[in-house]
Structure formats: C-alpha cells, structure tokens
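Report on the following structure.
In my numbering, the protein residues as written are 1 to 140.
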C-alpha cells in the first residue's frame with residue numbers, strides 16, 4: 001500500500017504542478033494574414049460585429065472580436081520565418097444560428113460542413129482568405 005500511496009502522491013504533485021503552469025497561460029491574440037487587410041477587417045466588422053481597435057502601421061489592423069484580439073496584416077517584408085495567408089479556424093458561439101449563418105453567407109462566406117454535436121448545431125464556413133470559421137449554437 002505504501003508504494004501505491006507514494007506513487008499517487010507523486011502523481012498528484014506532478015498534476016498540481018502541471019495545472020499551476022497551465023494557469024499562467026492565456027490567449028493573447030490570433031494573427032491572420034491577408035492580401036487585403038482592409039477588406040478582411042471590414043468582413044469581420046460587417047458579419048461578426050468586430051470593432052477596429054487600431055491600425056498596425058501601414059500593414060493592417062487590430063480588431064476586437066467580442067473579447068478576442070485579432071491582428072490582421074499582409075506579409076511583413078522583413079519577417080524571416082515563412083508567411084502564409086489565413087489560419088485553420090477559430091470558433092464563435094452564437095445565440096442565433098440562422099441569423100448568423102445568413103449574415104455570413106450573405107457577405108461571401110461559404111458553408112463547408114454542418115453537424116449536430118451534444119445537441120447543438122455547428123457549422124464550419126470558409127471566410128475571406130481561406131480562414132475557416134466554426135459557429136457553435138449556444139445551448140438554450
């Protein structure tokens with residue numbers, strides 16, 4: 001029993017240490033690259049209610065999307081690492097799936113896949129510059 005108890009205590013201590021280090025992390029921003037940052041910024045303003053917080057020099061914009069900071073720029077000339085347009089996806093909750101989808105598709109987004117998971121409707125769309133959006137219906 002002592003070995004089991006000692007091992008459990010060690011695992012609990014390691015687990016506590018992992019939780020402590022994870023708690024120090026938080027999301028800072030999502031960075032999207034676009035050949036036309038102004039057009040892409042306006043897309044997020046018009047369809048999802050983002051606000052333009054600042055211009056980032058002559059390269060792009062900083063947006064606030066319901067608490068999520070999005071940096072939106074074109075390619076940076078002096079950046080050494082590889083640059084690609086877009087990203088995989090980001091997810092947003094909505095309390096009105098039908099209106100949200102109508103607004104997105106009415107502004108050029110394309111539905112990729114729809115499903116139901118845990119009783120909630122989920123829709124993946126392709127927005128501007130190939131960025132995928134996941135829209136998740138809030139539980140009522």
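Every residue, glycine too, gets a C-beta built ideally from N, C-alpha and C.
Pull up the CB-CB distance for residue i and residue j, whole angstroms please, since I reckon it's below 8 angstroms.
i: residue 131; j: residue 86; result: 5 angstroms
Buried or exposed: which applies to residue i, given that a residue is buried once 16 or more other Cβ atoms fall within 10 Å of its Cβ?
i: residue 37; result: buried
i: residue 34; result: buried
i: residue 43; result: buried
i: residue 102; result: exposed
i: residue 77; result: exposed
i: residue 137; result: buried
i: residue 58; result: exposed
Beta-carbon within less than 6 angstroms of residue i's beta-carbon, same chain only, minus the 5 sequence neighbours each way: which residues are those?
i: residue 23; result: With a pLDDT of 42 at residue 23, under the threshold of 50, the predicted position of this residue should be treated as unreliable, though the coordinate-derived value follows. None.
i: residue 51; result: 64
i: residue 104; result: 47, 125
i: residue 115; result: 122
i: residue 31; result: 71
i: residue 29; result: 69, 71
i: residue 100; result: 94, 135
Going by beta carbon distance, what residues of the same chain come within less than 7 angstroms of residue i, once the five residues before and after it are set aside?
i: residue 127; result: 43, 109, 133
i: residue 53; result: 62, 63, 64
i: residue 75; result: 33, 83
Can residue i be considered in contact with the ligand ADP, in the sense that its beta carbon sits closer than 7 angstroms to one or more heavy atoms?
i: residue 58; result: This structure does not include the ligand ADP; it has no bound ligands of any sort.
Can you give me the Cβ contacts of residue i inside the same chain, cut-off strictly under 8 angstroms, excluding the 5 residues immediately before and after it?
i: residue 89; result: 124, 131, 132, 133, 134
i: residue 49; result: 65, 66
Restricting to Cα atoms, I'd like to know which of the options is closest to residue i.
i: residue 40; options: 99, 81, 107, 28; result: 107
i: residue 120; options: 139, 112, 113; result: 139
- Message: Tell me whether the region 95-109 and the region 63-70 touch, counting them as touching only if at least three CB pairs, one residue from each stretch, are closer than 8 angstroms.
- Response: no
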